[in-house]
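Undergrad:
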Ligand code: SF4
């Protein structure tokens, strides 16, 4: 009997900076190859981090992993195959941007173990794409999905953003209709949030940015839920929708507290009760690994922190909070506390107890984060 585990690899490069993005990335591509070599070194140095468990999911994210040339991506893929037990691998996702997905590149990807693409489409409308400084056009977005399907990818996820200033409800619903027509298996959709230290964040600080109204963003979220359901998508997590149970296995493992190794600058790892994170600086990362040093820090999560994460992530999913699992992990008093804190939500039918799992009802999904924080331990 073995437990599941996953690997996340962060590729910290992008062609240009999207105005809303606060991920770790650089637009200086000249040391891409050195960084790939450093990632291969980190994979080698940390090959026993998960205790030689078979790897069930791999996710290469970023940044923009599809910015890697085939020979660069091959270095990562060959190292994974050499240093890890991939015999039980179920899902291997690569994040890609539409403008990188040429027929040649897709054919190459299809010849590798990668079996799922997560495409950063964000919008099918050129006005929104320009507003956010995305590197592709609406036409690229539509074409790349078709091209990927033509070469044989049958697990495709796309990202879409709502709550963009100037995005009307009608244009959002047009976006959704386009997405459904493309016959993708999975959609992740988030409300635009304005983070400090981004271009939008600075504009907001200087009063040069007008956010979309909360009411309109809520309407767009509701229309997403309703139209996705009508198109056959199940909302299995607040921001994630799957057809025919094509759940994102890697992310589902995160939400269920499964161990994972995160490799690359800024990547986080989790094993048992320990969380670690790599330096978010590409040069430092390359330098340290060149000296066989792991550029990471770690912390032991307190039981309260573990409980809070369990509540937060569990309530966002259709699987909810399994009380028997909570009892085993956190004890009887903690489960009594949880139920006391959620009592009012249960009486209001916002949460139901289904076979020992506390499950947030669809009408209350908007309130998930607030309900969860009410049940936190401080
Ligand atoms: S492509 Fe992705 S990671 Fe890169 S800047 Fe845009 S949103 Fe951020």
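Numbering (our numbering), first residue to last: 31 to 408.
All C-beta atoms in this analysis are idealised placements derived from N, C-alpha and C, irrespective of residue type, glycine included.
Values in this document were obtained by computation on a predicted structure and should not be read as measured data.
Would you call residue 123 buried or exposed, if buried means 16 or more other Cβ atoms sit within 10 Å of its Cβ?
TA: Counting Cβ neighbours within 10 Å, residue 123 comes out buried, since at least 16 surround it.
Undergrad: Look up residue 368 in the DSSP assignment and say whether it is helix, strand or coil.
TA: Correct three-state label for residue 368: helix.
Undergrad: Quick one: is the Cβ of residue 44 within less than 7 angstroms of any heavy atom of ligand 1?
TA: Checking every heavy atom of ligand 1 against the Cβ of residue 44, one is found closer than 7 angstroms.
Undergrad: Going along the chain, which residues of its own chain have a beta-carbon closer than 7 angstroms to the beta-carbon of residue 268, five neighbours each way excluded?
TA: For residue 268, where only same-chain residues beyond five positions count, the Cβ hits under 7 angstroms are 346, 395, 398.
Undergrad: Leaving out the 5 sequence neighbours to the left and right, which residues in its chain are closer than 6 angstroms to residue 129 when beta-carbon positions are compared?
TA: For residue 129, where only same-chain residues beyond five positions count, the Cβ hits under 6 angstroms are 165, 166, 170.
Undergrad: If you draw a straight line from the alpha carbon of residue 205 to that of residue 193, how long is it in whole angstroms?
TA: Rounded to the nearest angstrom, the two C-alpha atoms are 13 angstroms apart.
Undergrad: Let me make sure I understand the geometry here. Which of 96, 79, 81 has the alpha-carbon closest to that of residue 43?
TA: Checked all of 96, 79, 81; the closest Cα to residue 43 is 96.
Undergrad: Evaluate the contact criterion for the stretch 220–228 versus the stretch 43–56: three or more CB pairs, one atom per stretch, below 8 angstroms.
TA: As far as the Cβ criterion goes, the stretch 220–228 touches the stretch 43–56, which means the pair count is three or higher.
Undergrad: What is the DSSP secondary structure of residue 126, counted as helix, strand or coil?
TA: Residue state, collapsed to three classes: strand.
Undergrad: Name the residue from 125, 62, 243, 120 whose alpha carbon lies nearest to the alpha carbon of residue 99.
TA: Closest by alpha carbon: 62.
Undergrad: Taking a contact to mean a Cβ-Cβ separation below 8 angstroms, would you say residue 73 touches residue 113 in this structure?
TA: Yes.
Undergrad: Using the three-state DSSP reduction, which class does residue 272 fall into: helix, strand or coil?
TA: Strand, per DSSP.
Undergrad: On the three-state DSSP scale, how would you describe residue 95?
TA: Helix at residue 95.
Undergrad: Between which two residues does the beta strand (DSSP E) holding residue 328 run?
TA: Per DSSP, residue 328 belongs to the beta strand (DSSP E) from 326–330.
Undergrad: Is any non-hydrogen atom of ligand 1 found closer than 7 angstroms to the C-beta of residue 297, if you look at the structure I gave you?
TA: No - ligand 1 has no heavy atom lying nearer than 7 angstroms to the Cβ of residue 297.
Undergrad: Just verifying my parser: in three-state terms, what is the DSSP assignment at residue 204?
TA: Three-state result, residue 204: helix.
Undergrad: Pull up the DSSP beta-bridge partners for residue 267, would you.
TA: According to DSSP, which records beta bridges pairwise, residue 267 is partnered with 270, 347.
Undergrad: Is the Cβ of residue 220 closer than 8 angstroms to any Cβ of chain D?
TA: The structure shown has no chain D; it contains just one protein chain.
Undergrad: Within a Cβ cutoff of 7 angstroms, which residues of the same chain sit near residue 280, ignoring the five residues on either side of it in sequence?
TA: Answer for residue 280: 36, 87, 89, 121, 123, listed in chain order.
Undergrad: Any heavy atom of ligand 1 inside 7 angstroms of the beta-carbon of residue 269?
TA: Every heavy atom of ligand 1 is 7 angstroms or more from the Cβ of residue 269, so no.
Undergrad: Taking only the alpha-carbon atoms, compute the straight-line gap between residue 31 and residue 274 and give it to the nearest angstrom.
TA: Below a pLDDT of 50, predicted positions are generally treated as unreliable, and residue 31, at 40, falls in that range; the measurement from the model is reported next regardless. Spanning the two alpha carbons is a distance of roughly 28 angstroms.
Undergrad: Between which two residues does the alpha helix (DSSP H) containing residue 174 stretch?
TA: That run of the alpha helix (DSSP H) goes 168–181.
Undergrad: Under the rule that 16 or more other beta-carbon atoms within 10 Å means buried, what is residue 58, buried or exposed?
TA: It counts as exposed.
Undergrad: Look at residue 308 and residue 320 and say whether their C-beta atoms are less than 8 angstroms apart.
TA: The answer is no: Cβ separation not under 8 angstroms.
Undergrad: Do residue 312 and residue 56 have their beta-carbon atoms positioned less than 8 angstroms apart in this structure?
TA: Their beta carbons are under 8 angstroms apart, which means residue 56 touches residue 312 by this criterion.
Undergrad: Return yes when at least one heavy atom of ligand 1 lies under 7 angstroms from the C-beta of residue 48, else no.
TA: Result yes, Cβ under 7 angstroms from ligand 1.
Undergrad: Could I get the ranges of all uninterrupted alpha helix (DSSP H) runs contained in the stretch 209–240, with 4 residues as the minimum, in chain order?
TA: Fully enclosed alpha helix (DSSP H) runs of 4 or longer: 229–235.
Undergrad: Does ligand 1 have even one heavy atom less than 7 angstroms from the beta-carbon of residue 94?
TA: Indeed, a heavy atom of ligand 1 lies less than 7 angstroms from the Cβ.
Undergrad: Give every residue of the same chain whose Cβ lies closer than 6 angstroms to the Cβ of residue 392, excluding the five residues on either side of it in the sequence, and list them in chain order.
TA: No residues qualify anywhere along the chain.
Undergrad: Distance, Cα to Cα, residue 148 vs residue 365?
TA: C-alpha separation (whole angstroms): 37 angstroms.
Undergrad: Could you tell me if the beta carbon of residue 53 falls within a distance shorter than 7 angstroms of some heavy atom in ligand 1?
TA: Yes - ligand 1 has a heavy atom lying nearer than 7 angstroms to the Cβ of residue 53.
Undergrad: Going by DSSP in three states, residue 282 sits in which element: helix, strand or coil?
TA: Correct three-state label for residue 282: helix.
Undergrad: Would you mind giving the Cβ-Cβ distance between residue 270 and residue 261, rounded to the nearest angstrom? I have them listed as a contact below 8 angstroms.
TA: Going by Cβ atoms, the distance from residue 270 to residue 261 rounds to 15 angstroms, so no, they are not a contact pair.
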